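Engineer: Here you go, one structure.
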Amino acid sequence: MTSAIRTIDLHKTYSSAAGDVHAVNGITLEVQEGEFFGLLGPNGAGKSTAIGMLTTRIIPTKGEAYVGGIDVVKHPAQAKRQLGVVTQTNTLDRSLTVAENLEFHGRFFGLSVRESKVLARELLERFQLDDRADSMASDLSGGMAQRLMIARALAHRPYVLFLDEPTSGIDPQSRINLWEMLRDLHKDGQSILLTTHYMEEADELCERVAIIDDGRVLADDSPAELKRAIGADTVITVTFDADASRIVHEVEAAAGVRRVEHDGASLRVFSTAPAGLLGRIVSLGTAAGLQVRDATSMLPSLETVFLTLTGREYRE
Amino acid sequence: MTTTMTVARPTMGSEMSLIARTLIALLARDLRVIRREFGSFIIRLIMQPLLFVFVFAYVLPKIGAGLGGAPSGAAAATGLTFSTILVPGLIAVSVNFQGVQAVALPLVRDFSYSKEIEDRVLAPVPVWVVGLGKILSGALQAIFAAFIVLPIVVSVHAPGQAPQLQPNWLAFVVVLIFASTLMSSLGLLLGTVIDPNKINLLFSVVILPITFLGCVYYPWAALGTIPWLQALVCLNPLVYVSEGLRWALTPQLGHMPVWAVSLALVGGSIVFTLLSLRTFTRRVVT
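Protein chains in written order, with the working numbering: chain A, 542 to 857; chain B, 5 to 290.
Put into C-alpha cells, the structure is as follows:
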C-alpha cells in the first residue's frame, strides 16, 4: 500500500547572522492512506516548515519527502496534484466571486471551462456555499472563507489534505463546524495532515499524533496510547474552606488514588481510576468538618504528555 | 523505495499542454478581474496622458507659454510641434506605467499580506509558469493601454498644434510587443525583489526617474548638447521604448539607431524575462 506521506530524515536549516537555525531537524514520519494525522507542537516547533516542505514550497536542506508516492523535491509539479493545502491565512482570490475561486482553481489544474463550472457547482453544494456563489470572496465571514478554502483544496481530489493551524483565530462555533467537516471527510477516506498547537484539537480529531518540538519528533502514536504510555492521570483538584491536611492520609488511602499533593486548603489528587472519586473526597472532607469551595476534574491530556516529554510547560 | 507511483508520469506533450492551459487560465482570471473593474481600469490608464496633452499641447500653446513651443535641435529646424514629440513619448509612458505597475504592485501586495498567489503557485506546473502568466498579462495590458492612449494623444491639442505622424504600423506593433514584454518583466523583477515595506519608494525612486529621464518629453538626439546625460539615460529601458515608438510613428523627427533600439528591446525582454522568472521562483520556493 502507498503511504499518504513519507518523510525520511527531513531537515531544513536556515542560515542567519546569528548562526544556523535548525527549523526542522531530522523528521521521519509515515502517514497511512486514509489516516487523520496531527503534527502537534508549540509555535516555532517546526510544524509550518515541515508542511512547507511537504507542499513543495520549501526545499529541504537534507532528506526525502513523498506525498502519495511522489517525490516532492524531485517532481514538485506532479506532487502538487497530490496535495490540497489549506493555509493559516486567507488566500482566497478576493477579486473573484466564491464560484469563480473554485472555477479558476479547476482551470489552473487543466480542466476545461465547462468542467470547472460543473466542479464548482458540485463543491458549492457539498460545502453549503451555493447561496453565496456570486458573492465576492472578500465578503465572506472567517468561517465561510475557510470552508471555501477547504472546498478549493479538495477540488482536484488530492491524495492528502494539509491543514496548517486551521482553528487559530476562528470563532468557537466555526471551530466546531470545522471539526465536524473534517471528521466527515476522514470518514469518506480522505487522508488528512493537520498541524495545531491546540492539544485538545489533536486529541479530539487525530488518529495519530506526532508531538514535535525544536524541529524533532518527540513521540508519534495515537493520543490514547501516548497518554497511556506516559502514565498520565486524571487530576482532581478540590479546594476547601480551611486547611485540608487532616484528610490527606484518608484521601491517599482511597481506592484508585496514586498520589496526593497538598497545598493549604487545596488537594490535588492524581488518579488512574477516577470513577466516583470526587464524591468520596468531598464526603471525607465533610466528615472532617470541611466545606468544599471549588472542585475540578481534569482528564489526562496531551498537555500532560508534552509536559512529561519536554519537562517544561506547554506554551501555546 | 517501498512506495509506488499512483499516477502515471505525464509525457512531455501532456506536460506542455497542461502548462499552456494553466497559462490561459491565469490570463483568463486577470481578464475577468479587469472586466469587472473596467471603468477604473480605463480611468487609471488615460488620466495621466490625457492631462499631459491637455496642458502641454492645448493649454500652454493657447496661453502662449513657450514651453514645448520651441523644441531644440532637429525638431525646431523642421518646425515640428511639441505634440509630435509627445505622442510616442506618452505612449511609451503608458506602456511603462501599465507594464510595470500592473505586475509589480499586485505582486508586492500578494507577497506581503493578500497571499492570493498561494493557490496559483500550487497549480501542478513549474512555479515559473505562474510568473510567465504575470508577464504575459502585464504585456497584454500594456499593449491595450498603448492603443487606448494613441487616439487621445493624437487628438487633444490646440488649433495648429496637431502632431505630425508618419506612422509605420507594422513597426509600431512590433515595437509595442517587445516594449510591453520588457516593461512587464521589469515589473515582475521589481515586484519580486522589492521589500513590501518599501513599496512607496517604487514611485519616487523607480517610476519617476525612469519617466522624466526616459526621452519622453524630448528626443534622445536632442540630448546631444548634454553628452553625459545622453550617455547616462542609455541605462534607462524607457528610452528605447520612446525611441522605438519615434521610429515607428515620427521617423522624420530623428531617433536612436534602429539596431540599438532593437537590441535593447529584444535583448532586454529576454534578459529581464529570464531574470525575473528566476527571482520569482526564488521568492516563492524557499
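Glycine is no exception: its CB is placed at the ideal position from the N, C-alpha and C atoms. The structure presented is a predicted model; accordingly, all values stated were derived computationally and were not measured.
Hey, how far is the Cα of His161 (chain B) from the Cα of Pro261 (chain B)?
Structural biologist: As a first step, residue 161 (chain B) must be located in the second sequence, where it is residue number 157. As a first step, residue 261 (chain B) must be located in the second sequence, where it is residue number 257. Cα to Cα, the separation comes out at about 29 Å.
Engineer: Does chain A have any CB closer than 9 Å to the CB of Pro130 (chain B)?
Structural biologist: Working through the second sequence from its first residue, we reach residue 130 (chain B) at position 126. So yes, Pro130 (chain B) belongs to the interface.
Engineer: Could you please give the first and the last residue of the uninterrupted alpha helix (DSSP H) stretch that includes Leu819 (chain A)?
Structural biologist: Residue mapping note: residue 819 (chain A) aligns to position 278 of the first sequence, counting from 1. Its alpha helix (DSSP H) spans residues 818-828.
Engineer: Which of the three DSSP states, helix, strand or coil, is assigned to Phe645 (chain A)?
Structural biologist: By one-based count along the first sequence, residue 645 (chain A) stands at place 104. Of the three classes helix, strand and coil, the one that applies to Phe645 (chain A) here is helix, per DSSP.
Engineer: Ends of the beta strand (DSSP E) at Tyr244 (chain B)?
Structural biologist: As a first step, residue 244 (chain B) is located in the second sequence; it is residue number 240 there, counting from the start. Note, Tyr244 (chain B): premise wrong, no beta strand (DSSP E); alpha helix (DSSP H) at 241-253.
Engineer: Against chain B, with Cβ distances strictly below 9 Å, would His552 (chain A) count as a contact?
Structural biologist: Counting from 1 along the first sequence, the entry for residue 552 (chain A) is found at position 11. So no, His552 (chain A) is outside the interface.
Engineer: Since I believe Ser188 (chain B) is in contact with Gly142 (chain B) (beta carbons under 8 Å), could you give me their beta-carbon distance rounded to a whole number of angstroms?
Structural biologist: Within the second sequence, numbered from 1, the residue matching residue 142 (chain B) stands at position 138. Within the second sequence, numbered from 1, the residue matching residue 188 (chain B) stands at position 184. Yes, they are in contact, since the Cβ atoms of Gly142 (chain B) and Ser188 (chain B) sit about 3 Å apart, within 8 Å.
Engineer: Buried or exposed for Ala558 (chain A), please, with buried defined as at least 16 other CB atoms from any protein chain shown within 10 angstroms of its CB.
Structural biologist: The residue labelled residue 558 (chain A) in the question sits at position 17 within the first sequence. Ala558 (chain A) should be labelled exposed.
Engineer: Would you call the stretch 583-597 of chain A and the stretch 646-663 of chain A touching, i.e. three or more CB-CB distances under 8 Å?
Structural biologist: Segments in contact, no.
Engineer: If you draw a straight line from the alpha carbon of His259 (chain B) to that of Ile67 (chain B), how long is it in whole angstroms?
Structural biologist: On the second sequence, position 255 is the one that residue 259 (chain B) refers to. On the second sequence, position 63 is the one that residue 67 (chain B) refers to. Their Cα atoms are separated by approximately 30 Å.
Engineer: Determine, using beta carbons only, whether Tyr244 (chain B) and Leu194 (chain B) come nearer to each other than 9 Å.
Structural biologist: As a first step, residue 244 (chain B) must be located in the second sequence, where it is residue number 240. As a first step, residue 194 (chain B) must be located in the second sequence, where it is residue number 190. Not in contact: Tyr244 (chain B) and Leu194 (chain B) (Cβ atoms no closer than 9 Å).
Engineer: Using 10 angstroms around the beta-carbon of Trp232 (chain B), count the other beta-carbons present and answer buried if the total reaches 16, otherwise exposed.
Structural biologist: In the second sequence, residue 232 (chain B) corresponds to position 228, counting from 1. Exposed.
Engineer: Decide if the stretch 589-603 of chain A is in contact with the stretch 547-556 of chain A; the criterion is three or more beta carbon pairs, one per stretch, under 8 Å apart.
Structural biologist: yes
Engineer: Within the continuous beta strand (DSSP E) that includes Glu802 (chain A), where are the two ends?
Structural biologist: In the first sequence, counting from the first residue as 1, residue 802 (chain A) sits at position 261. Its beta strand (DSSP E) spans residues 798-804.
Engineer: From Gln145 (chain B) to Ala24 (chain B), what does the alpha carbon distance come to, in whole angstroms?
Structural biologist: As a working note, residue 145 (chain B) is residue 141 in the second sequence. As a working note, residue 24 (chain B) is residue 20 in the second sequence. Distance between the alpha carbons of Gln145 (chain B) and Ala24 (chain B) is about 19 Å.
Engineer: Can a CB atom of chain B be found closer than 9 Å to the CB of Phe650 (chain A)?
Structural biologist: Numbered from its first residue, the first sequence carries residue 650 (chain A) at position 109. Yes, its Cβ sits closer than 9 Å to a Cβ of chain B.
Engineer: Starting from Glu860 (chain A), trace the alpha helix (DSSP H) in both directions and tell me its first and last residue.
Structural biologist: One cannot answer for residue 860 (chain A) here, as it falls past the ends of chain A, which runs 542 to 857.
Engineer: Examine the Cβ distances between the stretch 625-633 of chain A and the stretch 704-711 of chain A and report whether three or more of them are shorter than 8 Å.
Structural biologist: yes
Engineer: Using C-beta distances below 8 Å, list every residue in its chain close to Ser842 (chain A), excluding the 5 sequence neighbours before and after it, in chain order.
Structural biologist: Taking the first sequence and counting its residues from 1, the one referred to as residue 842 (chain A) is at position 301. Within the same chain, Ser842 (chain A) has close Cβ partners Met740, Glu741, Asp744, Lys768, Ala773.
Engineer: Check whether the Cβ of Val288 (chain B) lies closer than 9 Å to any Cβ atom in chain A.
Structural biologist: One-based indexing of the second sequence puts residue 288 (chain B) at position 284. Judged by the 9 Å Cβ criterion, Val288 (chain B) is in contact with chain A.
Engineer: In the DSSP assignment, what are the bridge partners of Asn566 (chain A)?
Structural biologist: Your numbering for residue 566 (chain A) matches position 25 in the first sequence. Paired residue(s): A:His552.
Engineer: I'd like to check one pair, Leu681 (chain A) with Leu633 (chain A): are the Cβ atoms closer than 9 Å?
Structural biologist: As a working note, residue 633 (chain A) is residue 92 in the first sequence. As a working note, residue 681 (chain A) is residue 140 in the first sequence. Against a cut-off of 9 Å, the Cβ pair of Leu681 (chain A) and Leu633 (chain A) comes out as a contact.
Engineer: For Phe58 (chain B), does the three-state DSSP call read helix, strand or coil?
Structural biologist: Taking the first residue of the second sequence as 1, we reach residue 58 (chain B) at position 54. The answer is helix: DSSP assigns Phe58 (chain B) an H, G or I state.
Engineer: Pull up the distance between the alpha-carbon of Pro65 (chain B) and that of Ala166 (chain B), whole angstroms please.
Structural biologist: Looking up residue 65 (chain B) in the second sequence gives position 61. Looking up residue 166 (chain B) in the second sequence gives position 162. Going by the C-alpha atoms only, they are around 11 Å apart.
Engineer: Could you check whether Thr543 (chain A) and Glu574 (chain A) sit closer than 9 Å to each other, using their CB atoms as the reference points?
Structural biologist: For the purposes of this step, residue 574 (chain A) is taken as the residue at position 33 of the first sequence. For the purposes of this step, residue 543 (chain A) is taken as the residue at position 2 of the first sequence. Cβ distance < 9 Å, so Glu574 (chain A) and Thr543 (chain A) count as in contact.
Engineer: Report the CB separation of Ala149 (chain B) from Leu49 (chain B) in whole angstroms; it is logged as a contact under 8 Å.
Structural biologist: As a first step, residue 149 (chain B) must be located in the second sequence, where it is residue number 145. As a first step, residue 49 (chain B) must be located in the second sequence, where it is residue number 45. Their Cβ separation, rounded to whole angstroms, is 5 Å, which keeps Ala149 (chain B) and Leu49 (chain B) in contact under 8 Å.
Engineer: Mind pulling the chain B residues with CB within less than 8 Å of Leu637 (chain A)?
Structural biologist: Taking the first residue of the first sequence as position 1, residue 637 (chain A) is located at position 96. What Leu637 (chain A) touches in chain B: Arg33, Arg36, Val37.
Engineer: Give the straight-line distance between the Cα atoms of Val701 (chain A) and Glu120 (chain B), rounded to the nearest whole angstrom.
Structural biologist: Along the first sequence, read from residue 1 onward, the residue named residue 701 (chain A) stands at position 160. Along the second sequence, read from residue 1 onward, the residue named residue 120 (chain B) stands at position 116. Spanning the two alpha carbons is a distance of roughly 21 Å.
Engineer: Using Cβ-Cβ distances below 9 Å, what residues of the stretch 608-626 of chain A are close to chain B?
Structural biologist: Gly609, Gly610, Ile611, Asp612, His616, Pro617, Ala618, Gln619, Ala620, Lys621, Arg622, Gln623, Leu624, Gly625, Val626
Engineer: Using only the alpha-carbon positions, how far apart do Gly647 (chain A) and Ser657 (chain A) sit?
Structural biologist: Position 106 of the first sequence, counted from the start, is the residue given in the question as residue 647 (chain A). Position 116 of the first sequence, counted from the start, is the residue given in the question as residue 657 (chain A). When rounded, the distance between both Cα atoms is 5 Å.
Engineer: Flag this pair as touching only if the stretch 562-569 of chain A and the stretch 665-683 of chain A have three or more C-beta atom pairs under 8 Å; answer yes or no.
Structural biologist: no
Engineer: Just to confirm, are Val178 (chain B) and Ala96 (chain B) a CB contact at a threshold of 9 Å?
Structural biologist: Looking up residue 178 (chain B) in the second sequence gives position 174. Looking up residue 96 (chain B) in the second sequence gives position 92. No, they are not a contact pair.
Engineer: Less than 6 Å between C-beta atoms, sequence neighbours within five positions excluded: which residues of the same chain meet that for Ser76 (chain B)?
Structural biologist: In the second sequence, residue 76 (chain B) corresponds to position 72, counting from 1. For Ser76 (chain B), the predicted structure reports a pLDDT of 44, less than 50, and the residue's modelled location is therefore unreliable. The matter cannot be settled from this model.
Engineer: Please decide whether Gly593 (chain A) counts as near chain B, where near means a Cβ-Cβ distance under 9 Å.
Structural biologist: Counted from its first residue, the first sequence places residue 593 (chain A) at position 52. It does: the Cβ of Gly593 (chain A) has a partner Cβ on chain B nearer than 9 Å.
Engineer: Between Pro241 (chain B) and Val209 (chain B), what straight-line distance do the alpha-carbon atoms span, to the nearest angstrom?
Structural biologist: In the second sequence, the residue the question calls residue 241 (chain B) occupies position 237. In the second sequence, the residue the question calls residue 209 (chain B) occupies position 205. Answer to the nearest angstrom: the Cα atoms are 15 Å apart.
Engineer: Below 8 Å, how does it come out for the stretch 825-839 of chain A and the stretch 778-785 of chain A: are there three or more Cβ pairs, yes or no?
Structural biologist: yes
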